[in-house]
Amino acid sequence: MSKPEKLLDKKGLRLDGRKLDELRPIKMEVGVLNNADGSAYLEQGKNKVLAAVYGPKEVHPKHLALADRAILRCRYHMAPFSVEERKSPAPSRREIELSKVIREALEPAVFLEYYPRTAIDIFIEILQADGGTRCAGITTAALALADAGVPMRDLVVACAAGKVDGKLALDLMDLEDKYGEADVPLAMMPGINAVTLLQMDGSLTLEEFQKAVKMAMEGCKQIYEMQKKALKAKYVAIKEEIQE
Ligand code: CDP
């Protein structure tokens with residue numbers, strides 16, 4: 030899409046009608062795939078993300094196994110039809126980097142030491158992308174890990190804040206990410222107040238950066254409540270099925 034004239038209207042509302050501190054509409058569902066150990070699906074605005082988890086399981090190739098803990102592997106992948114211009118299905122440099130960044134954001138949460146000599150594999154498929162997919166990928170993967178029964182210190186949740194037309198804004202979508210002044214993706218474990226990912230693209234003053242971090246953390250806390258609800262909803266549905 031071409032560059033819009035303005036990212037904020039006269040009332041200070043964004044292109045999709047949101048206020049500056051407002052998240053995109055979010056939907057989540059846990060346990061959506063039959064053949065993975067854990068799975069989750071998330072929609073955040075126009076982003077559509079699917080995550081699947083396998084493991085803990087035997088490591089192949091065997092020489093990658095660690096004697097004292099499990100290894101966590103992560104693949105972030107964008108479907109060819111997920112973006113405006115068809116993306117090659119082969120992994121791009123960006124996807125390889127994001128796979129690493131996402132793994133590092135999730136790793137501190139997982140009790141890897143409980144499962145020596147095993148692997149936990151996470152697959153994140155971006156079915157539709159509209160900015161902030163690394164964050165949406167982390168939020169979805171954490172749900173899939175929980176669904177697989179992988180013990181974690183806390184759920185990991187991610188959200189970005191940034192700057193558009195001179196104002197700080199929460200949860201940037203693609204056009205704001207592309208044509209805004211800055212983007213600060215952040216992942217955290219809200220239950221123990223630990224940040225596991227913090228990046229910045231663009232430029233901000235120190236004061237703006239601090240405010241953006243605070244804003245992203247507030248966004249994370251809202252999404253965290255939705256994550257817990259989505260996990261509970263799965264078990265309520267199972268209970269109802271048993272009782273029927
Ligand atoms: O998605 P995220 O903001 O975490 O990562 P990014 O590298 O900042 O990409 C921002 C957005 O650019 C993505 O969410 C997509 O909407 C878009 N994009 C695209 O249109 N084509 C690509 N090959 C890669 C990204």
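All residue numbers for the sequence shown refer to the numbering used here, where the first residue is 30 and numbers rise by one. Beta carbons: idealized from backbone N, C-alpha and C, even for Gly.
For residue i, name the three-state secondary structure that DSSP assigns.
{"i": "Glu87", "result": "strand"}
{"i": "Gln256", "result": "helix"}
{"i": "Ala187", "result": "strand"}
{"i": "Leu204", "result": "helix"}
{"i": "Val179", "result": "coil"}
{"i": "Met246", "result": "helix"}
{"i": "Val82", "result": "strand"}
{"i": "Tyr70", "result": "strand"}
{"i": "Ala94", "result": "coil"}
{"i": "Ala51", "result": "Residue identity differs from the one stated: residue 51 is Glu in this sequence, not Ala. Three-state DSSP puts Glu51 in coil, outside helix and strand."}
Classify residue i: buried if its beta carbon has 16 or more other beta carbons within 10 angstroms, exposed otherwise.
{"i": "Phe110", "result": "exposed"}
{"i": "Lys86", "result": "exposed"}
{"i": "Ile221", "result": "exposed"}
{"i": "Ile271", "result": "exposed"}
{"i": "Arg53", "result": "buried"}
{"i": "Lys77", "result": "buried"}
{"i": "Leu71", "result": "buried"}
{"i": "Ile155", "result": "buried"}
For residue i, write down the residues that DSSP places opposite it in a beta bridge.
{"i": "Asp230", "result": "Asp212"}
{"i": "Ala158", "result": "Answer by DSSP bridge pairing: none, since Ala158 is not bridged."}
{"i": "Ile149", "result": "Leu101"}
{"i": "His106", "result": "Glu154"}
{"i": "Asn76", "result": "Gln73"}
{"i": "Ala198", "result": "Gly191"}
In angstroms with no decimal places, state the Cα-to-Cα distance between residue i and residue j.
{"i": "Ala245", "j": "Leu174", "result": "23 Å"}
{"i": "Leu204", "j": "Met107", "result": "18 Å"}
{"i": "Cys249", "j": "Glu124", "result": "23 Å"}
{"i": "Asp141", "j": "Val179", "result": "It should be noted that the sequence gives Leu, not Asp, for residue 141. Approximately 9 Å between the Cα atoms of the pair."}
{"i": "Ala99", "j": "Glu136", "result": "10 Å"}
{"i": "Ser232", "j": "Val193", "result": "11 Å"}
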